[in-house]
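The sequence shown lines up with residues 0 to 723 when you count with numbering that gives the first Met the number 0.
Ideal Cβ placement from N, Cα and C applies to all residues, glycine included.
It should be emphasised that the depicted structure is a prediction, and the values quoted were computed from it without experimental measurement.
In what follows, a single structure is set out as structure tokens and then discussed.
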Amino acid sequence: MRVLCLLLVPPLACFCQQRPPSIDRPKIGMVLEGGGALGLAHIGVLQWFEEHRIPIDYLAGTSMGGLVGGMYATGMRASELQDVVSTIDWSEALDPKIPFPALSFRRKEDKRSFQNDLEFGLRHGFRGPGGLSSGQRITYLFDRVALPYSDLKSFDDLPIPFRCVATDLNSGKEHIFENGPLGEALRATMSLPAIFTPVTNDKSTWVDGGLLNNLPVNVVKQMGADIVIVVHLVPSPFLPESRSLQAVMQRSISVTIEANELRSLEAADLVVSVDLAGYASSNYGASAQIIARGSEAAEKRSQMLSRLALEQSAWQQYLEIRESRRVRSSPTPAFVQVSGADPRLSRGIEKKLTTHVGKPLDFDRLEKDIDVISGTGRFTRFSYGMTEVRGRPGLEIRAEEKEYAPPLVNIGFLVDGSELANVRWTTNARITALDVGGFRSEWRTDISAGSTWGLSTEYYRPVSAASKWFVAPRLFATNIPFDLYDRSAQIAQYRIGRYGGGADLGFAIDRFSEIRLGYEAGYFTSSLSIGSPVLPTPDGRTGVSSISYRLDKLDSPLVPRTGQSARFRVAWIDAAPGSGKGFPLSEGYIGVIRPVSKRGSVYLQTFGGTTFGHDDTGLPQFFLGGPSQLSAYGTNELRTNQYWLARVGYIYELFNLPPIIGHKGYFTSAYEFGKAYGAPGGSRLPNDGSLGLVMETLVGPLFVGGSVGDRGHRRVYFSLGRFF
């Protein structure tokens with residue numbers, strides 16, 4: 000690389016001497032390379048150019064180079080770019096998930112039951128999305144930048160003429176974006192295969208342009224540049240001992256990209272090489288240091304670059320021309336128009352977003368409203384911009400419905416290691432068909448196989464297309480293991496079978512809560528598989544009338560950091576095996592979690608249940624012991640018809656996991672205390688303390704921990720698939 004740059008010095012120097020920069024100066028084109036977080040170094044180079052009065056007449060970039068170049072081409076100064084980058088929460092921006100609070104109540108139920116990122120569909124056979132992330136959060140960033148340029152006819156009309164490159168999977172060729180929606184072009188150039196869902200239209204499927212042209216020198220030359228300056232990102236060398244899955248994958252991609260960069264480097268007039276040893280393409284948290292590396296690299300080439308500097312008056316004139324082409328605001332929308340969705344959905348979306356008509360756009364509120372619409376589970380991604388119809392400006396919402404669904408398919412794996420000598424494994428699947436028999440209706444079917452066997456189905460039908468009232472008939476059949484332990488000693492194992500059906504009349508209060516009134520009838524069977532007959536094994540009919548309320552305002556279904564949740568149920572049991580008469584039952588739960596620092600949160604959970612003094616219930620109605628219900632005690636060790644339990648805990652964020660593995664890792668601790676009235680062999684106040692590590696993996700939260708309690712109770716345990 001150093002030899003290449005030295006060879007380029009003489010012709011560039013002669014060219015600059017022949018044409019003074021302030022008089023009939025040569026047109027300068029800059030090429031910005033892709034490289035994930037490493038591409039933020041481009042901002043430092045641009046900052047140095049501004050400080051030394053070096054103009055840029057044409058810009059082209061790929062991937063992160065396309066993002067930085069596109070934003071700069073809209074007229075932003077480098078300092079503005081740095082401010083934008085410093086305020087972005089990159090872990091949130093790159094997060095594949097819709098914020099949990101934005102989900103509809105039924106999609107929250109899905110995430111509660113399936114605490115992972117595995118979602119598939121059956122629209123065209125069994126298949127999944129085109130990438131791990133839809134890129135919705137980063138799309139919002141693009142849309143904010145591009146909104147003032149919604150009526151752009153050509154990228155040549157930007158304050159700095161701009162191009163970016165994507166790869167068209169349909170044709171197998173590079174695609175150069177020179178017009179069209181600017182936000183769409185930026186999304187396409189950054190759509191890293193398998194990471195982000197591709198950008199599509201009727202004829203093309205676009206992914207990251209780095210696959211074919213990571214340094215589009217040819218593009219800048221075609222735009223008319225006399226001098227082409229390349230900003231080349233030099234990453235850390237690959238070390239043979241660095242053979243982790245992530246390192247090997249990143250290096251494999253890098254080798255492919257480097258091959259298409261060689262020709263571009265040879266065709267450039269000047270190369271600014273940024274040494275980024277010690278940083279990886281995922282180090283967005285080190286943006287300030289990476290940007291500084293860009294400035295340092297430009298300074299090292301100052302002897303050559305300074306020949307391109309303008310005199311102060313010429314530089315001021317250049318800035319004034321660039322600023323005059325900049326559009327800083329958009330007109331107030333007079334209407335909302337939705338494209339890309341089913342007409343029924345489009346009308347509903349337009350109605351929900353009418354609050355944004357007749358006033359300047361509030362980006363934060365608009366994006367939150369779009370998230371809520373996405374929370375129904377029907378869409379891959381939304382983008383927005385301005386449009387014009389009959390001379391009236393309007394807000395255009397572009398929707399992308401999921402290509403692979405509905406029906407939606409959720410898959411989960413539950414591994415219960417609460418008893419290390421008796422680990423349980425169950426695979427679960429949920430199939431949700433939408434609009435079956437009516438708009439907004441859902442037919443949900445759950446299947447379980449493994450330690451637990453089950454099949455259940457529910458038909459959810461709003462009373463009308465816009466009503467919050469609904470009916471929900473259901474059928475179910477399950478067969479589950481039921482273990483009884485005394486500390487770590489298993490004393491019995493039963494198999495419990497339940498078969499039946501029911502129906503509810505409910506009211507969907509909002510996306511956080513619902514209330515149901517219903518009746519369920521069925522048949523109950525039990526059999527002793529192992530151990531002594533600690534409990535009776537009655538068979539017989541069951542019948543339950545109940546009213547229930549559920550609230551979920553947590554910020555995450557996996558490891559929440561803030562919010563509250565609650566469950567309450569009041570029931571009349573008119574038939575229960577082993578019971579001579581009917582009896583009432585009530586059970587409730589309240590949980591609150593609050594952040595106390597940037598990484599730490601404390602929580603309080605309270606549980607309680609009672610049969611109001613009725614002991615003729617056949618089997619005990621409540622069981623305590625095991626993870627999340629007196630963890631140091633044996634599974635179902637305490638058996639009662641009345642109890643209360645409280646848990647206080649602390650969660651602390653420790654580290655981020657590699658994207659191909661999961662999200663974050665946490666330290667967790669808790670203290671539990673409670674009372675199980677009339678429980679055989681129970682202490683007056685059962686209590687314990689626990690410590691553990693939980694990691695949000697792609698297949699669900701993985702927890703490993705241990706607990707020590709009163710009366711010598713202690714245990715080590717693990718679980719996969721569910722934590723909070």
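Per DSSP, serine 668 is one residue of the beta strand (DSSP E) stretching across 661-675. Between histidine 174 and the set Gly209, Val144, Tyr148, Pro160, the nearest pair of CA atoms involves Gly209. Assigned with DSSP and collapsed to three states, valine 270 falls in strand. Leaving aside the five residues that flank glutamine 135 on each side, the residues in its chain whose CB is nearer than 6 angstroms to its CB run, in chain order, Arg380.
Within the segment 95-174, the runs of beta strand (DSSP E) that reach at least 3 residues and sit entirely inside it are, in chain order, 118-120, 130-132, 161-167. Under the criterion of beta carbons closer than 8 angstroms, serine 600 and arginine 646 do not qualify as touching, at roughly 14 angstroms. Every beta strand (DSSP E) stretch that sits fully inside the segment 562-636 and reaches 3 residues is listed by chain position as 562-574, 582-594, 599-609, 621-623.
For arginine 343, the enclosing alpha helix (DSSP H) begins and ends at 342-351.
Bounds of any beta strand (DSSP E) do not take in glycine 711, whose DSSP letter is neither H nor E. Beta-bridge analysis with DSSP links aspartate 56 to no other residue. Cβ atoms of aspartate 167 and serine 203 come within 8 angstroms of each other, at about 5 angstroms. Per DSSP, the unbroken beta strand (DSSP E) holding tyrosine 642 starts and ends at 641-655. The C-alpha of glycine 74 is placed about 13 angstroms away from the C-alpha of aspartate 155.
In this structure, the CA atom of glutamate 298 is about 52 angstroms from the CA atom of glycine 648.
Between serine 103 and glycine 374, the gap from beta carbon to beta carbon is short of 8 angstroms.
Pairing threonine 431 with histidine 41, the inter-Cα distance amounts to about 46 angstroms. A distance below 6 angstroms between beta-carbons, with the five flanking residues on each side excluded, links alanine 187 to the following residues of its chain, in chain order: Ala165, Val198, Trp205.
Rounded to the nearest whole angstrom, the C-alpha separation of valine 233 and glutamine 604 is 51 angstroms.
Residue pairing for phenylalanine 702: DSSP places it in a beta bridge opposite Val693, Ser718. In the pairwise beta carbon analysis, the segment 548-559 is classified as not touching the segment 521-540: fewer than three pairs are separated by under 8 angstroms.
Spanning the alpha carbons of glycine 517 and serine 455 requires a straight line of approximately 17 angstroms.
In the three-state scheme derived from DSSP, where H, G and I count as helix and E and B as strand, valine 233 is classed as strand. Here DSSP, grouped into helix, strand and coil, assigns isoleucine 396 to strand. Below 8 angstroms, too few C-beta pairs join the segment 517-528 and the segment 62-76 to call them touching: fewer than three. Per DSSP, the unbroken beta strand (DSSP E) holding threonine 444 starts and ends at 441-449. Put simply, the segment 443-459 touches the segment 419-431. At least three CB pairs are less than 8 angstroms apart. Note on geometry: alpha-carbon atoms of glycine 699 and phenylalanine 412 lie some 8 angstroms from one another. Remark: C-beta atoms of isoleucine 159 and leucine 39 do not approach each other more closely than 8 angstroms. Under a 10 Å Cβ-count criterion, histidine 123 is classified as exposed, with fewer than 16 other Cβ atoms of the shown protein chains found around its own Cβ.
Judged by beta-carbon spacing, aspartate 687 lies within the 8 angstroms limit of serine 706, meaning their Cβ atoms are closer than that value. For glutamate 399, the closest of Ile348, Thr353, Ser447, Leu419 by C-alpha to C-alpha distance is Ile348.
Residue range 311-323 is occupied by the alpha helix (DSSP H) that includes serine 312.
One alpha carbon belongs to serine 345, the other to isoleucine 369, and they sit about 12 angstroms apart.
A distance below 8 angstroms separates the beta carbons of alanine 491 and leucine 483. In the DSSP annotation of this structure, phenylalanine 469 is not part of any alpha helix (DSSP H); the continuous beta strand (DSSP E) holding it starts and ends at 468-485. Around the beta-carbon of alanine 404, 16 or more other beta-carbon atoms lie within 10 Å, marking it buried.
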